[in-house]
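Following: one structure in structure tokens, then a few remarks.
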Amino acid sequence: MAQRTPWSLTGALRGMFQKQTIDDDTWDDLETALITADFGPDISEAVVAEMRANVAKYHTEDPKDLQRMLRESLEERLSRLDPTLHLSERPAVVLVVGVNGVGKTTTIGKFAKFLHTHGRSVLVGAADTFRAAAVEQLATWAERAGAEIVKPQQQGQDPASVAFQTVARAIETGTEIVIIDTAGRLQTKGGLMDELTKIRRVIEKQAPIAEVLLVLDATTGQNGLAQAEAFIEHAGVTGLVLTKLDGSAKGGFVLAVQEKTGIPIKLVGQGEGIGDLTGFTPHVFAAQLVG
Amino acid sequence: MATFGNLSDRLAETFKNLRGKGKLSVADVDGTIREIRRALLEADVALSVVKDFTHNVRERALGDEVNRALNPAQQVVQIVNDELVAILGGEARRIQFAKKPPTVIMLAGLQGAGKTTLAGKLALWLAKDNHTPLLVAADLQRPNAVTQLQVVAEQAGVAVYAPEPGNGVGNPVRVAKDSIKYATDKQYDVVIVDTAGRLGVDAELMKQAGDIRRAVDPDEVLFVIDAMIGQDAVATARAFQEGVDFTAVVLTKLDGDARGGAALSVASVTGRPIIFASTGEGLGDFEPFYPDRMASRILDMGDILTLIEQAQEAFDEDEARAVAEKFATETFTLEDFLKQMQQMRNMGSIKKMMGMLPGAGAMKQQLENFDEGEIVRTEAIIQSMTIAERRNSKLLNGSRRLRIARGSGMTVTDVNQLVNRFEQAAKMMKTVAKGGMPNMPGMPPMPGAGFGGRPKPQQQKKKGSKSGNPAKRAAENAALAAGVKPQAAGGGSGFGLGAGKTKDGGPSEEELAALQKMLGR
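Going line by line, the protein sequences match chains A and B. Residues 1 to 291 in the numbering used here are what the first sequence lists, from first letter to last. Residues 1 to 521 in the numbering used here are what the second sequence lists, from first letter to last.
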């Protein structure tokens, strides 16, 4: 790994688009590129079939046309849903959920910073009372982001009660946006998933929940869909956050997630720096991916 | 991923038209290979690995080595499983300890793979094994990773070396280097170095990891990887192999429902063995890695191989052939029926067998309702008959039936039902064996679940076209026997004793299909 390769399919597609004409190898290469980007066999096949049909329809043999059509097709698929965050409630409560190690706490730090720089007052709630030192990790991020934090009063406190206290404090102090961190949990753990439902219920006693963001790791493969389905069922996810896009993984599975669940991608994380979080723009995403 | 059927279902589908064939044709194999390819891709096995893998399977499936005792679908499953286990490594390797303590173990991996948690688990595991591990906090990058390691060490009851506060302060290479001297002085015999998570594409941090490796000269470098990782596993594993040259792999978060194809990708691409699996959030949720279990998991196959083996052992080929002859020559008797049932029972508990089938988890409820006693009771009735009665059911008059009922502890009604069903079914079998299409004379309506059409036609077709290959035919006949048996168990159907067992008692279509599938379809 001498060079930092950009996050994109460009490498995989380069050979294909540099050829003079479209031939059989092109289709194999395209499918390979899509599968390698974790789009999964179903979507890869569908995209290849669509491209084949388009190429036949427009009688083109120029790989450049194919590249443009691929970009447009992906962009169209990605932009079917509205990626806007809805934070108009006061306080706007944002619950952040996901499996272990996807970057929930880091995302919250970055998100808090993002909101803070836009002049919003932010309060974060450390409802990850399970993992060792998660509270301290969040506190460090909150400090960097210029946000207030509500910590559990004792070790191993019920996360729902921390969430409740956080929202109560926000109402009291008139804070505009509340972000609540939760412990990472695998979607197969029924008890832990029920805990999320409880956290939701408890928060809703005081204020409606503006957004439930599911954080997905771009390196995840086809299991991402199972994760999304479980979290939607138990936590009522309203938006997806795709993290770790600064690595070599392409996160193609989010397209399947978005299509199968109808939940839009809303934020994209691209690094460990506090500024490395952006809103999701289908056009930019597709352009970066396809090149 | 319940969205997709499991591989064995798909194979069964692919081979639907293959009955009667003794050998696989190229087209048959290619169709199957496509399904295997999809299954592997859905399990997140890297594409390059899938390509090599399917190539090997294809070669072997078309070769002559295939086991003739199995039907084509089973042959392929067996080949696939063999190949998977071969790639994943047969025996699990264990940690190699240094001759002269301390043994140094370095952990490396992507962010969020679970390195810090794993450090604690490994330490606890070693401590239980009478080692004195020392955890070294060399992740000075992530906020409060040092604190996390300290907490984990406390939970595991082991020592921790954390001279730097972390959060971007301090030099991890120096910390790692100093820790060795510290361990030697304090006589810790294993040093576990937790490093910061890093991306394969981050050249700077990879270089740092390489520096740490050179500074501590570890006996083991464990590459910690999330079982949920997708196609990127290959790029990441290669990057880490170049950067830190890990000696073994640890798979984490195996308690989720990811099929864990990454395990295969990493093992295949790097040639490094997977030695541990982490299966939960508790510090004790840590175990050595078993390649064969992983192979089944990747393919979502359940313990189908064990099942195949048992089926192979239990079915006596000659016996099965004899039964087939009897169908054709109209001499199928209650005695033969009894023999078939006993053969089935030799395979072990039906419930246990079903439990081994892939996807059986979903039908736990039905398994609970499956009453093996029905088979036993049917057996008892037949065994209470004289040899002559078993051979000729026409002999069974009222007083004989009363005697049999008493002898078997059943009622005359039960005996009557059994005899009626036997006669009807025997008649049907005769028709089928002669090649005719029966109108399902004796088949009473199935209670609840019912045979909804699918398994039945299959059965007919099979009986109609006997394979020229003796082994294949044996398998067919075995399946035939199986086709009879579930009916016996089902309330009010086939040879079964319907009385008192009509509610949810019978095996569902699912169960029957599953049983038939494994028995040679």
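Note that beta-carbon positions come from the ideal geometry of N, C-alpha and C, so glycine has one too. Computed from a predicted structure; not experimentally measured.
The Cβ-Cβ distance between residue 265 (chain A) and residue 245 (chain A) does not fall below 8 Å. DSSP places residue 34 (chain A) in the uninterrupted alpha helix (DSSP H) bounded by 24-36. For the stretch 22-50 of chain A, the set of residues with a beta-carbon nearer than 8 Å to any beta-carbon of chain B comprises 32, 35, 36, 37, 38, 40, 41, in chain order.
With a beta-carbon spacing of about 38 Å, residue 107 (chain B) and residue 33 (chain B) fall beyond the 8 Å limit used to define contacts. Residue 398 (chain B) has its alpha-carbon roughly 12 Å from the corresponding atom of residue 406 (chain B). For a cut-off of 8 Å, the C-beta gap from residue 178 (chain B) to residue 163 (chain B) is around 7 Å, short enough to register as a contact. With fewer than 16 other Cβ atoms inside 10 Å of its own Cβ, residue 49 (chain A) counts as exposed. Within the same chain, 140, 164 come within 6 Å of residue 170 (chain B) by CB-CB distance, once the 5 residues on both sides are set aside. In the DSSP assignment, residue 182 (chain B) falls within the alpha helix (DSSP H) that extends over 172-186. Neighbours of residue 113 (chain B) in chain A, taken as residues at a C-beta separation under 7 Å, are given in chain order as 101. Under the 8 Å criterion on CB atoms, residue 136 (chain A) is classed as interfacial with respect to chain B.
Against residue 38 (chain B), the close residues of chain A are 41, in the order they occur along the chain (beta-carbon pairs closer than 7 Å). Within the stretch 211-247 of chain B, complete alpha helix (DSSP H) segments of at least 4 residues are found at 233-244, given in chain order.
Residue pairing of residue 278 (chain B) in beta bridges, as defined by DSSP: B:286.
Of A:26, A:106, A:76, the smallest CA-CA separation from residue 62 (chain A) is found for A:26. Within the stretch 42-56 of chain B, 42, 44, 47 place their CB atoms closer than 7 Å to a CB of chain A, listed in sequence order. The beta carbon of residue 244 (chain A) falls within 8 Å of a beta carbon belonging to chain B, placing the residue at that interface. Between the alpha carbons of residue 272 (chain B) and residue 233 (chain B) lies a gap of roughly 14 Å.
Close partners of residue 165 (chain B) in chain A (Cβ separation under 8 Å) are lacking, with about 11 Å as the shortest Cβ gap. Interface flag for residue 229 (chain B) against chain A is set, since a Cβ pair is found closer than 8 Å.
Comparing alpha-carbon positions, the option among B:134, B:246, B:226 lying closest to residue 212 (chain B) turns out to be B:246. Per DSSP, residue 101 (chain B) lies in no alpha helix (DSSP H) and is assigned neither H nor E. As a beta-bridge residue in DSSP terms, residue 220 (chain A) pairs with B:229. Here the alpha carbons of residue 239 (chain B) and residue 143 (chain A) stand approximately 34 Å from one another.
Rounded to whole angstroms, the Cβ separation of residue 243 (chain A) and residue 215 (chain A) is 6 Å, and the two are in contact under 8 Å. In this structure the stretch 252-270 of chain B lies against the stretch 278-288 of chain B, because at least three pairs of beta carbons, one per stretch, are closer than 8 Å. A direct Cα-Cα distance of roughly 31 Å separates residue 199 (chain A) from residue 251 (chain B). Only residues of its own chain outside the window of five on either side were considered, and among them 211, 212, 215 have a CB closer than 6 Å to the CB of residue 173 (chain B), listed in chain order. According to the DSSP assignment, residue 92 (chain A) belongs to the beta strand (DSSP E) that extends over 92-97. Distance between residue 44 (chain B) and residue 62 (chain B), taken at the CA atoms: about 26 Å. Under DSSP, the beta-bridge partners assigned to residue 161 (chain B) are B:136.
Here residue 153 (chain B) has 135, 160 as same chain residues with Cβ atoms under 6 Å from its own Cβ, once five neighbours each way along the sequence are excluded.
Annotation: Cβ neighbours of residue 143 (chain B) in chain A (cutoff 7 Å, chain order): 137, 140, 141. In this model, residue 424 (chain B) and residue 417 (chain B) are separated by some 11 Å (Cα to Cα). Chain-order list of chain B residues neighbouring residue 145 (chain A): empty, with the shortest C-beta distance near 11 Å, by a criterion of under 8 Å.
In its own chain, leaving out the 5 sequence neighbours on each side, no residue places its CB closer than 6 Å to the CB of residue 117 (chain A).
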